[in-house]
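All residue numbers for the sequence shown refer to our numbering, where the first residue is -2 and numbers rise by one. The C-beta atom is built at its ideal place from N, Cα and C for all residues, glycine as well. Remember, predicted model here, so these are calculated numbers, not experimental data. Take a look at the structure below.
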Amino acid sequence: MTDVLDSTTGGSAVWASPLGRPSWQVDDCPPWCVAVHEEGDHPHDRKHLGPELTVPATTLAAHASPDGVHRDERSASELVVSLHRRDGSHDTWVYVGDGFEQRLEVLLGDMWRIVEAFGRAVEGLPPEA
-2 MTDVLDSTTG GSAVWASPLG RPSWQVDDCP PWCVAVHEEG DHPHDRKHLG
48 PELTVPATTL AAHASPDGVH RDERSASELV VSLHRRDGSH DTWVYVGDGF
98 EQRLEVLLGD MWRIVEAFGR AVEGLPPEA
């Protein structure tokens, strides 16, 4: 780190990283990171974020009416798929969810196993089965 005189701070010294990144940032951004990291980022927000990919989907919610009859309710939704990793960590997480009620958040290696199992579960089925 170097002291830099900055006219925006009235000429006072501010910390500047020679790497062009915030002083708190431990790791270089992974190739998939689209986050803009800033010195003033809250500690909770100090993570690498991938792009949010949206997938239109029909989701299912089970409801029980007062008479005890169970009904399945379909709902049009958009699911988001994204990667994230806390700065300084080696764990990359995959988020799949609607941002409200439904979500799955697992380690990247676990997601690959889930994708493989899903492929086996639907093998030979038509897309609209």
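Using three-state DSSP, classify residue i as helix, strand or coil.
| i | result |
| --- | --- |
| Val112 | helix |
| Asp95 | coil |
| Ala118 | helix |
| Pro123 | coil |
| Pro27 | coil |
| Pro40 | helix |
May I have the straight-line CA-CA distance separating residue i from residue j, to the nearest angstrom?
| i | j | result |
| --- | --- | --- |
| Val119 | Ile111 | 12 Å |
| Glu137 | Thr55 | Because the chain in this structure spans residues -2 to 126, residue 137 falls outside the shown range and cannot be described. |
| Cys26 | Arg83 | 11 Å |
| Pro48 | Ala59 | 31 Å |
| Trp109 | Phe115 | 10 Å |
| Val160 | His67 | An answer regarding residue 160 cannot be provided, because it is not within the stretch -2 to 126 covered by the chain. |
| His87 | Leu46 | 14 Å |
| Thr89 | Gly65 | 43 Å |
| Leu57 | Glu113 | 23 Å |
| His41 | Pro123 | 43 Å |
| Glu70 | Pro28 | 40 Å |
| Ala32 | Ala61 | 42 Å |
| Gly106 | Gln99 | 21 Å |
Would you list the one or two residues that DSSP bridges to residue i?
| i | result |
| --- | --- |
| Asp69 | Ala59 |
| Trp90 | His81, Leu104 |
| Ala54 | Ser74 |
| His45 | Arg82 |
Just to check my reading of the structure: residue i and residue j have Cβ atoms closer than 8 Å, yes? What is that Cβ distance to the nearest angstrom?
| i | j | result |
| --- | --- | --- |
| Gly121 | Val23 | No, Gly121 and Val23 are not in contact; Cβ-Cβ is about 46 Å, not under 8 Å. |
| Pro19 | Asp38 | 7 Å |
With a threshold of 8 Å between beta-carbons, can residue i be considered close to chain D, or not?
| i | result |
| --- | --- |
| Pro53 | Looking at the structure shown, chain D is missing, and only one protein chain is on hand. |
* To do: State whether the stretch 63 to 82 contacts the stretch 92 to 101, with contact taken as three or more CB pairs (one from each stretch) at a distance under 8 Å.
  => yes
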